[in-house]
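Numbering (my numbering), first residue to last: -1 to 28.
Listed below in structure tokens is the structure:
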């Protein structure tokens, strides 16, 4: 039940998640 829209959403989710992780790491650095 995975459509092209579903894969597109997953790709956006991964990009946003990666950006969020990078932001957290940047904030934790002194």
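C-beta atoms are modelled at their ideal positions from N, C-alpha and C, and glycine is treated no differently.
Exercise for review: Compute the Euclidean distance between the alpha carbons of residue 26 and residue 13, then round it to the nearest angstrom.
Suggested key: 20 Å
Review point. Is residue 20 helix, strand or coil when you go by DSSP?
Key: helix
Exercise for review: Helix, strand or coil for residue 1, going by three-state DSSP, please let me know.
Suggested key: coil
Review point. Can you tell me the Cα-Cα spacing of residue 9 and residue 24, whole angstroms?
Key: For residue 9 and residue 24, the distance between alpha carbons rounds to 23 Å.
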